[in-house]
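Visitor:
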Amino acid sequence: MASRTSNPARAWSRSLSPAPSPRSFATASRPVIKAHRSGQQSNAQKPKPKPALSTERKGNEPRFNYLPNSSPFDPSPVDPNVAAFRPVTAKELVRLREPPKRVRMLSRDFIEDSLYNPNYGYFATKVEIFDPDVAKIRSAASQGTGKGKGRAPSAREEELQAAERAEGFDFGAFRTTAQFEDEVARRYMVFEGRGSGHEGEGEGEAVMGKGVGRQVWHTPTELFKPWYGRALARYLCASYKLNLFPYNDLIIYEIGAGNGTLMGDILDYLAAHEPEVYARTKYRIIEISERLQGMQRGRAKGAGGDGGAAELGKEKARRRGHEDKVEIIGKSIFEWDRVVHEPCFFLAMEVLDNFPHDVVRYTTDTHQPMQCVVSVDATGDYAELYEPVSDPLIARYLSLRSRLPSSRARGSPSPVIHPLLARSPLLRSIYSTIPFAPNLSPPEFLPTRQLELLEILRDKFPNHRMLMSDFDTLPEAIEGVNAPVVQTRYAGETVPCTTYLVQPGFFDIFFPTDFDTMRELYTLVMSSSAPSTASSSSLSTSAPIAPTSRLSPTYFSPSTATSSCSSSSSSADGRRSTSGRANSLGGGNGAPSVVSHADFLSQWAETDMTRVGDGSNPMVESYANAQFICN
Numbered sequence: 001m002a003s004r005t006s007n008p009a010r011a012w013s014r015s016l017s018p019a020p021s022p023r024s025f026a027t028a029s030r031p032v033i034k035a036h037r038s039g040q041q042s043n044a045q046k047p048k049p050k051p052a053l054s055t056e057r058k059g060n061e062p063r064f065n066y067l068p069n070s071s072p073f074d075p076s077p078v079d080p081n082v083a084a085f086r087p088v089t090a091k092e093l094v095r096l097r098e099p100p101k102r103v104r105m106l107s108r109d110f111i112e113d114s115l116y117n118p119n120y121g122y123f124a125t126k127v128e129i130f131d132p133d134v135a136k137i138r139s140a141a142s143q144g145t146g147k148g149k150g151r152a153p154s155a156r157e158e159e160l161q162a163a164e165r166a167e168g169f170d171f172g173a174f175r176t177t178a179q180f181e182d183e184v185a186r187r188y189m190v191f192e193g194r195g196s197g198h199e200g201e202g203e204g205e206a207v208m209g210k211g212v213g214r215q216v217w218h219t220p221t222e223l224f225k226p227w228y229g230r231a232l233a234r235y236l237c238a239s240y241k242l243n244l245f246p247y248n249d250l251i252i253y254e255i256g257a258g259n260g261t262l263m264g265d266i267l268d269y270l271a272a273h274e275p276e277v278y279a280r281t282k283y284r285i286i287e288i289s290e291r292l293q294g295m296q297r298g299r300a301k302g303a304g305g306d307g308g309a310a311e312l313g314k315e316k317a318r319r320r321g322h323e324d325k326v327e328i329i330g331k332s333i334f335e336w337d338r339v340v341h342e343p344c345f346f347l348a349m350e351v352l353d354n355f356p357h358d359v360v361r362y363t364t365d366t367h368q369p370m371q372c373v374v375s376v377d378a379t380g381d382y383a384e385l386y387e388p389v390s391d392p393l394i395a396r397y398l399s400l401r402s403r404l405p406s407s408r409a410r411g412s413p414s415p416v417i418h419p420l421l422a423r424s425p426l427l428r429s430i431y432s433t434i435p436f437a438p439n440l441s442p443p444e445f446l447p448t449r450q451l452e453l454l455e456i457l458r459d460k461f462p463n464h465r466m467l468m469s470d471f472d473t474l475p476e477a478i479e480g481v482n483a484p485v486v487q488t489r490y491a492g493e494t495v496p497c498t499t500y501l502v503q504p505g506f507f508d509i510f511f512p513t514d515f516d517t518m519r520e521l522y523t524l525v526m527s528s529s530a531p532s533t534a535s536s537s538s539l540s541t542s543a544p545i546a547p548t549s550r551l552s553p554t555y556f557s558p559s560t561a562t563s564s565c566s567s568s569s570s571s572a573d574g575r576r577s578t579s580g581r582a583n584s585l586g587g588g589n590g591a592p593s594v595v596s597h598a599d600f601l602s603q604w605a606e607t608d609m610t611r612v613g614d615g616s617n618p619m620v621e622s623y624a625n626a627q628f629i630c631n
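So that you can map any letter, position 463 of the sequence shown is 463 in full-length UniProt numbering, and since no number is skipped, the others follow by simple counting.
#1: Cα-Cα, which of His322, Leu292, Met370, Asn354 is closest to arginine 361?
#2: Which runs of the beta strand (DSSP E), 3 residues or longer, sit entirely within the stretch 312 to 396?
#3: Suppose contacts are defined by Cβ-Cβ distances below 8 Å. Is valine 216 in contact with glutamate 128 by that definition?
#4: Taking contact to mean 3 or more Cβ pairs, one atom from each stretch, closer than 8 Å, check whether the stretch 91 to 98 and the stretch 376 to 388 are in contact.
#5: Terminal residues of the continuous alpha helix (DSSP H) containing cysteine 237?
#6: Label phenylalanine 436 either buried or exposed according to how many other C-beta atoms from any shown protein chain fall within 10 Å of its C-beta, with 16 as the threshold for buried.
#7: Straight-line CA distance for glycine 168 to glutamate 222?
#8: Could you tell me how far apart the beta carbons of aspartate 365 and arginine 428 are, in whole angstroms, since I believe they sit closer than 8 Å?
#9: Can you tell which of Asp337, Tyr386, Met263, Pro226 has the C-alpha that lies nearest to the C-alpha of leucine 292?
#10: Which residue comes first and which comes last in the beta strand (DSSP E) that contains glutamine 296?
#11: Any C-beta of chain D sitting closer than 8 Å to the C-beta of valine 78?
#12: From asparagine 119 to arginine 408, what does the alpha carbon distance come to, in whole angstroms?
#13: Can you find the residues in the same chain that come closer than 8 Å, C-beta to C-beta, to aspartate 614, ignoring five residues on each side of it along the sequence?
#14: Would you decide whether alanine 35 is buried or exposed? Buried here means 16 or more other CB atoms lie within 10 Å of its CB.
#15: Which same chain residues, not among the five before or five after arginine 102, have their C-beta less than 6 Å away from its C-beta?
#16: Let me know the secondary structure DSSP gives leucine 501 once reduced to three states.
#17: What's the C-alpha gap between cysteine 344 and threonine 433?
#18: Assuming residue 644 contacts isoleucine 509 (C-beta within less than 8 Å), just tell me the rounded distance between them.
#19: What are the boundary residues of the alpha helix (DSSP H) that includes isoleucine 478?
#20: Below 8 Å, can you find three or more Cβ-Cβ pairs linking the stretch 326 to 345 to the stretch 283 to 291?
#21: First and last residue of the beta strand (DSSP E) that includes leucine 446?
#22: Alpha carbon to alpha carbon, how far is glutamine 603 from phenylalanine 346? Give it in angstroms, no decimals.
#23: With burial defined as no fewer than 16 other Cβ atoms inside 10 Å of the residue's Cβ, what is the status of tyrosine 240: buried or exposed?
#24: Let me know the beta strand (DSSP E) ranges lying completely inside the stretch 408 to 463, each 3 residues or longer, listed in chain order.
#25: Starting from arginine 104, trace the beta strand (DSSP E) both ways and give me its first and last residue.
#26: Start and end of the alpha helix (DSSP H) containing threonine 261?
#27: If I measure Cβ to Cβ from alanine 626 and keep anything under 7 Å in the same chain, skipping five residues before and after, which residues do I get?
#28: Measuring alpha carbon to alpha carbon, tell me which residue in Glu606, Pro388, Thr448 is nearest proline 226.
#29: Quick one: Cα of proline 246 to Cα of alanine 348, how far?
#30: How long is the line joining the alpha carbons of leucine 451 and isoleucine 394, rounded to whole angstroms?
#31: Within its chain, find whatever has a CB closer than 8 Å to the CB of glycine 321; leave out the 5 residues flanking it on each side and keep chain order.
#32: Determine which residues share a DSSP beta bridge with leucine 96 and list them.
#33: Could you say which of Tyr116, Leu467, Met189, Pro484 lies nearest to arginine 234 if we only look at CA atoms?
#34: Once DSSP output is grouped into helix, strand and coil, what is the label at serine 469?
#35: By the three-class DSSP mapping on this structure, what secondary structure does tyrosine 247 have?
#36: Mapping the DSSP letters down to three states, classify glutamate 493 as helix, strand or coil.
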């Protein structure tokens, strides 16, 4: 999938390695109702699809569809006893020490277990977030120890040194953006352990061992610190002053806080430039990882940061501690069980892409949605099985999406279904009689966890404002609508895959976000009541969703909603501007705005601080395939 820019280097994902040449997909472009198979092969190899055989239903066993895969002559069948496999969820697997066998689960549970299982999941065992300051320290230490000048610092010493310096990159020292990217790549190599960054060509690769090692990926928060975090702080401060100050405190919730860098940069800015706001600030991080909780507490105590660097120019200031402002809450946002009545801001930066998705296909004759169930047999092979939708969350998402303006304008229940086929039963009937025609549509990945987050915001954070950012398109995605990129780092190279059915813990699975659909869905969810158990499992879309007593049906209408992050509604110091109006924050939230990464940073960032010698601006021009959504 190409990015929305003519320069591929500006469309970044998680890795700095060059993208491999285009690959053909493992499955046919015209799929049938089938079971996909994926064995535990080498981590650098794409799994080979296997077909399945038709089986008969016994008793009350669920009916799955087994038809040949893209190669009907492949002799490897799906386990005929798959219907007897124990159904599980990701929550039930958290206590396991290794991936389960002889089980079946929804695709979102398989993806969640692969990424988040605390014992073998990708984020729990492999991932490190690139920190350019740590890389600089390691490079200097490597040079020093190589000459016999001392020992290499421990991991804790590296963290403390990086925290004390918290320099990031001196953008004014680079002549061009290309030179900045070269320096990023050099430090990236050091951070991964492939040498000191001062080797000649080819020498660094020899330092690194073979195999799947640490999975290092970068975020704009780390690459452009402290200026990226300061841009968000300026936006939050302006919105707070316009709508809440002085009657309410500034309460910030963040999920996916990583190393805690964004938290530190935001609080540093407020402490240095907005002392009145800082005095009333409470920053709460919701974090499931114990390892990251420790890093975040260290940052809050004074590890890393900037202070008032805007006024100090290139002279870096020591970070002050913010321990009394920060609370680390050790749980998943999807386990949140209390209502936060205070007005608050909810941040999720580079989080949506790793939310598990469900996979559905549609029958070509009736367009009935079929949910994907992933089975794991006794040998650890994976298979995709399709059955009629019965999961309440999938059913709720499909029902809500059918009511969105974009869905009605499209004229079909899904982007994978052509509007002509959707409108004509006769055409569908004729199409289904064509020899070798598929009986299922291509796959579609549904952001069901995203819907769950929006419902939590509605029910548990009724007076929230959100600020989220992520990728809207991704190159090298697997087959399907809204499909993810699946990749790993192997011997210092990024290896993409053609399926998400891969060994848990070794592969990153991340999705693009359809921000326009998310904006419409947010508006609908916030104006609707919590679904009952009975209604959530129904796919009927004829009955309207009842509005709650908190908000009127026209609360999110264009006449009352205003944009809060595209065209500025205030200056950075909180003064009102004639170009926009402030959002009201009652019942909680104005209609969200979707803006590009560049537009948001051009509006709120101190862009002079990230400009290089030739006048280009890496922070503004990078991540062309990312967007913000805010209200």
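Note that beta-carbon positions come from the ideal geometry of N, C-alpha and C, so glycine has one too.
Guide: Answer, in terms of the structure:
#1: Of the listed residues, the one whose Cα sits closest to arginine 361 is Met370.
#2: For the stretch 312 to 396, whole beta strand (DSSP E) runs of length 3 or above, ordered along the chain, are 326 to 329, 344 to 349, 358 to 362, 369 to 376, 382 to 388.
#3: Glutamate 128 is positioned such that its CB atom lies closer than 8 Å to that of valine 216.
#4: Because the criterion of three Cβ pairs below 8 Å is not met, the stretch 91 to 98 and the stretch 376 to 388 do not touch.
#5: Its alpha helix (DSSP H) spans residues 227 to 243.
#6: Phenylalanine 436 comes out exposed.
#7: Approximately 8 Å, taken between the alpha carbons.
#8: Confirmed, about 5 Å.
#9: Minimum Cα-Cα distance from leucine 292 among the listed residues Asp337, Tyr386, Met263, Pro226 corresponds to Met263.
#10: From DSSP, glutamine 296 is part of no beta strand (DSSP E) but of the alpha helix (DSSP H) over 290 to 300.
#11: Considering every chain present, this structure includes no chain D. It has just one protein chain.
#12: One alpha carbon belongs to asparagine 119, the other to arginine 408, and they sit about 44 Å apart.
#13: Once the five neighbours on either side are set aside, the close Cβ partners of aspartate 614 are Arg175, Thr176, Thr177.
#14: The predicted position of alanine 35 is uncertain, since its pLDDT is 48 and thus under 50; no value can be drawn from it.
#15: Excluding positions up to five away in sequence, the list reads Phe85, Ala378.
#16: Coil, per DSSP.
#17: Taking the straight line from one Cα to the other gives about 56 Å.
#18: This structure leaves residue 644 out entirely; the chain is present only between 1 and 631.
#19: Here isoleucine 478 belongs to no alpha helix (DSSP H), and DSSP marks it neither H nor E.
#20: Flag = yes, the stretch 326 to 345 and the stretch 283 to 291 touch.
#21: 444 to 446 is the span of the beta strand (DSSP E), which, as asked, contains leucine 446.
#22: Cα to Cα, the separation comes out at about 20 Å.
#23: By the neighbour-count rule (16 or more Cβ atoms within 10 Å), tyrosine 240 is buried.
#24: Listed in chain order, they are 444 to 446.
#25: Segment 103 to 106, the beta strand (DSSP E) holding arginine 104.
#26: Segment 261 to 273, the alpha helix (DSSP H) holding threonine 261.
#27: Excluding its 5 nearest sequence neighbours in each direction, alanine 626 has C-beta neighbours in its own chain below 7 Å: Ser469, Asp470, Phe471, Asp472, His597, listed in chain order.
#28: When each option's Cα is compared against that of proline 226, the closest is Glu606.
#29: Answer to the nearest angstrom: the Cα atoms are 25 Å apart.
#30: Straight-line Cα distance between these residues: approximately 10 Å.
#31: Leaving aside the five residues that flank glycine 321 on each side, the residues in its chain whose CB is nearer than 8 Å to its CB run, in chain order, Ala300, Lys301, Gly302.
#32: Beta-bridge pairing by DSSP links leucine 96 to no other residue.
#33: Closest option to arginine 234, Cα to Cα, is Leu467.
#34: Reduced to three states, the DSSP call for serine 469 is strand.
#35: Of the three classes helix, strand and coil, the one that applies to tyrosine 247 here is coil, per DSSP.
#36: Secondary structure at glutamate 493: strand, using DSSP grouped into helix, strand and coil.
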